[in-house]
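What follows is a set of notes on a single structure, which appears directly below.
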């Protein structure tokens, strides 16, 4: 049975100190009681997947938050959700016998049980390895046997679009522990990953022909998700975002109306590896307030924040210290209810599980659910059950945080390793870089104007020449041009994205060495003797 665990928390006075006193107090204090496992409702039978997760959210009084009505697209306004899923809510009465839905009995599922063994990893606090001898089990009868609140009879069946109520409780607790949104009526919904969540947000909040604001270089799949919807990303070189948005002229942007969405990857930005400081996040949030922008916060690398390269800062010793060193999220700053935050397990547990969640004001989450109920339906029940067993019943919030601390240490070491290889094999007069301070990517800039034929070639041709030579040498890197957010980004720079997450350390070194050889060959440089 899922045991009661004491959630990790940072004192509110410590949180206020992190934000400093100049940031406004929260508009509607969230005075909800802790939603501990021991206070969650127990199932009466194997149909708990159809119980609503509302019981895990606080009751609240309406607040003067941003009204999402003006942002909703025609497509979203026309969505009414799933009639069948709404009917299932009547099963909350244990005396109701359902013949109304095509929901098979668990007797007809050909899987009676599953087992999984959590990995061992270095405990940063004790410097000892955690045990890998524990085996977690799930059967179709755990709920009936009162050994768990979640089992295969539920996980293998249909599930609400927002996810199972059992795992949703853990998600809500985690969000409150880490981000503590400063207004009361926030909610979460499970997703099948941030790319899918981004697609649904665009369908909810934009019309064909609209523009959204994005970084100069951003995640290519996001740009490619927006494009077929008739939505373009816009980037502006002006240092004052507020100024150029204020003077938005539709005639200069194919008659597109003034943008209402700002898309950001604030931590370990993909592809550049940069992280916005707290001051930068506050400044951007104020711009969003001034121009009534909704912020789409795509933050899968949030827990992979690192100390500066070469830093002598002491190693993090406790979960509380780990959280205090994290730059507060936009969700943590959101006093208006204008942030839709997308979280994912893809970078910290498993990308193949296709599990994530989105946090936003209740009205926006209801719109999101209306979409997911008739499209993606719900995340994989097996994935949710496996994660529930690992994160709730086995690790708890504290154990999961120690895993994140372990990942942070490993990725910091890998970041340092790839930078050391860059210093060893790449010609510094041609290639330059700013050390990544979060995530899993190192962004490299190449001074293409030093190419022997630079006067006769454009930057993109030289970028391609280097890339093809690198492939020929046996090293695949990402071309910077793939990540331009729009055609407005000038084609006068050459960048490459490398990752320190995808290969063993010796192969990372060898790949950088091969890339360096390609640079030397293309630029006709002499190799170091």
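Numbering (full-length UniProt numbering), first residue to last: 1 to 529.
Every residue, glycine too, gets a C-beta built ideally from N, C-alpha and C.
Residue i, DSSP secondary structure in three states
i, result
"residue 199", "helix"
"residue 428", "coil"
"residue 503", "coil"
"residue 498", "strand"
"residue 470", "helix"
"residue 422", "helix"
"residue 445", "strand"
"residue 349", "coil"
"residue 409", "helix"
"residue 89", "helix"
"residue 458", "coil"
"residue 105", "coil"
"residue 149", "coil"
"residue 71", "helix"
"residue 183", "coil"
"residue 476", "coil"
"residue 263", "strand"
"residue 248", "coil"
"residue 330", "helix"
"residue 484", "strand"
"residue 401", "helix"
"residue 289", "helix"
"residue 81", "coil"
"residue 99", "coil"
"residue 335", "coil"
"residue 541", "One cannot answer for residue 541 here, as it falls past the ends of the chain, which runs 1 to 529."
Residue nearest to residue i in terms of C-alpha spacing, selected from the options
i, options, result
"residue 102", "115, 111, 84 and 112", "84"
"residue 531", "266, 116, 90 and 112", "The question about residue 531 has no answer, for the chain in this structure spans 1 to 529."
"residue 505", "442, 417 and 422", "417"
"residue 387", "439, 181 and 138", "138"
"residue 470", "456, 458 and 498", "498"
"residue 252", "392, 211, 284 and 217", "211"
"residue 343", "172, 118, 77 and 490", "172"
"residue 285", "299, 255 and 338", "338"
"residue 233", "247, 249, 209 and 246", "209"
"residue 140", "105, 121, 457 and 291", "105"
"residue 502", "279, 113, 515 and 477", "477"
"residue 86", "297, 100 and 264", "100"
"residue 220", "482, 515 and 527", "482"
"residue 214", "294, 354 and 250", "294"
"residue 68", "300, 340 and 91", "340"
"residue 258", "231, 283, 516 and 282", "231"
"residue 530", "516, 261 and 193", "Since the first and last residues shown for the chain are 1 and 529, residue 530 lies out of range."
"residue 207", "113, 93, 246 and 76", "76"
"residue 521", "465, 508, 492 and 110", "465"
7 Å CB neighbourhood of residue i in its chain, flanking five on each side removed
i, result
"residue 479", "463, 467 and 496"
"residue 82", "373 and 374"
"residue 216", "235, 485 and 489"
"residue 175", "188 and 359"
"residue 71", "205, 260 and 294"
Nonlocal neighbours in the same chain, by C-beta distance under 8 Å from residue i, ignoring five residues either side
i, result
"residue 430", "446, 447, 450, 519, 523 and 525"
"residue 308", "435 and 437"
"residue 407", "303, 304 and 348"
"residue 135", "115, 116 and 117"
"residue 159", "49, 377, 378, 379, 381 and 384"
"residue 195", "221, 222 and 225"
"residue 313", "307"
9 Å Cβ cutoff, residue i in contact with chain D
i, result
"residue 314", "Note that chain D does not occur in the displayed structure, where there is just one protein chain."
Paired residues, beta bridge with residue i - DSSP
i, result
"residue 190", "357"
"residue 137", "115"
"residue 305", "438"
"residue 122", "129"
"residue 340", "296"
"residue 232", "211"
"residue 158", "DSSP output for residue 158 lists no bridge partner at all."
"residue 219", "Answer is none; residue 219 lacks a bridge partner."
"residue 433", "444"
Neighbourhood of residue i by C-beta distance below 6 Å, restricted to the same chain and skipping five residues each side
i, result
"residue 411", "304"
"residue 513", "425"
"residue 113", "139"
Residue i CB to nearest heavy atom of the ligand HEM below 8 Å
i, result
"residue 204", "This structure simply doesn't include the ligand HEM, nor any ligand for that matter."
Tell me, please, whether the region 394-404 touches the region 480-492 by the rule of three or more beta-carbon pairs shorter than 8 Å. No, they do not touch.
Below 8 Å, how does it come out for the region 193-213 and the region 367-387: are there three or more Cβ pairs, yes or no? Counting Cβ pairs under 8 Å, three or more are found: they touch.
For the structure I just gave you, are there three or more beta carbon pairs, one from the region 378-387 and one from the region 152-162, closer than 8 Å? In short, these stretches touch, since the Cβ pair count reaches three.
Counting pairs of beta carbons, one from the region 178-196 and one from the region 329-348, are three or more of them closer than 8 Å? Yes, they touch.
Would you be able to state if there are at least three C-beta pairs under 8 Å between the region 267-275 and the region 315-322? Judged by Cβ distances under 8 Å, the region 315-322 makes no contact with the region 267-275, as fewer than three pairs qualify.
Within 8 Å, do at least three Cβ pairs link the region 427-441 to the region 256-273? By the Cβ criterion, the region 256-273 is in contact with the region 427-441, since at least three pairs of Cβ atoms, one from each stretch, lie closer than 8 Å.
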